[in-house]
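Below is one structure, written out as structure tokens, with a few remarks after it.
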Amino acid sequence: MSVCLPQKKFYRQRAHSNPMADHTFDYPVCPQQMDWSQLYPEYFSSDREQMESEGRITQVEFADIGCGYGGLLVELSPLFPDRLILEYCMSAQQRHEYLPNFFTKGQLSKMFFLFPDPHFKKTKHKWRIISPTLLAEYAYTLRVRGLVYTMTDVEEVNLWMVKHFTEHPLFSQVSEEELKDDIIVSRLGTCTEEGKKVQRNGGKNFLAVFRRVEDPS
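Each residue of the sequence shown is one higher than the one before, counting from 795 in the numbering used here.
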């Protein structure tokens, strides 16, 4: 059976969305109530008890937050065929503060924040996808030693993300030396629509990767 890749003409992307806005949409009360069979019918059954009895409880492990068109999913799927990847689109239908409603504590092993909306105006900085409040949500859903990959073509936004991650007690920055053998890093700047646009325009990408660490307390 042939598989058709997603086509941009069928996708409506919403730019400049406030991640803290009080949109109305349906979301599970807790992760146990999330029906993943709607998204991954080959891996999940709507009957959770049946899944447990058959010993096939599978979990989403990678999450691309604010995914846009979803190019990262297309790029990573062949590299990680045994991992379930979710493209979590920042739109009127989703809010980042609801991540714990979808994912259990420490469920995710990798999170991606690629070319997030820079929200240049100072009054809009509180809307940025990386903030002290939202970092607490990300730390909750990411397992210890899990990785967060960030990339932007705006240096000021890169400095903002590095500042907030390094100031948070549950994250530490991963050195360039440690990333040399990471098969994901070299693909981050070219797999998304925004990354390709930066490449066409001769821009520069700023990469920063962070590791979830044990709670020091």
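Even for Gly, the Cβ is constructed at its ideal location relative to N, Cα and C. Here the structure is a predicted model, which means the values were calculated and not measured.
Whole-number beta carbon distance between residue j and residue i, since they are thought to touch under 8 Å
| i | j | result |
| --- | --- | --- |
| D876 | L867 | Actually they are not in contact, since the Cβ atoms of D876 and L867 sit about 15 Å apart, beyond 8 Å. |
| R1006 | L964 | 6 Å |
| P910 | G860 | 6 Å |
| L953 | V1003 | Their Cβ separation, rounded to whole angstroms, is 15 Å, which puts L953 and V1003 out of contact at 8 Å. |
| V854 | L878 | 5 Å |
| P825 | F897 | 6 Å |
| R937 | S903 | 6 Å |
| G989 | G996 | Wrong, their Cβ atoms sit about 13 Å apart, outside the cutoff. |
| E891 | L928 | 7 Å |
Alpha-carbon to alpha-carbon, residue j and residue i
| i | j | result |
| --- | --- | --- |
| Y943 | I924 | 12 Å |
| G865 | Q993 | 15 Å |
| N999 | S980 | 11 Å |
| E971 | G900 | 26 Å |
| Y932 | S969 | 20 Å |
| Q888 | Y882 | Legend: pLDDT at Q888 = 47, less than 50; position of this residue unreliable, value from coordinates given subsequently. Looking at the two C-alpha atoms, the distance is approximately 8 Å. |
| D820 | D829 | 12 Å |
| W921 | H958 | 14 Å |
| K991 | P1010 | 41 Å |
Proximity below 7 Å, CB of residue i to CB of residue j
| i | j | result |
| --- | --- | --- |
| L908 | M945 | yes |
| Y834 | P894 | no |
| T852 | Y837 | yes |
| V951 | P912 | yes |
DSSP beta-bridge partners of residue i
| i | result |
| --- | --- |
| D858 | E881 and F906 |
| V1003 | Y943 |
| Q967 | F1004 |
| L936 | L902 |
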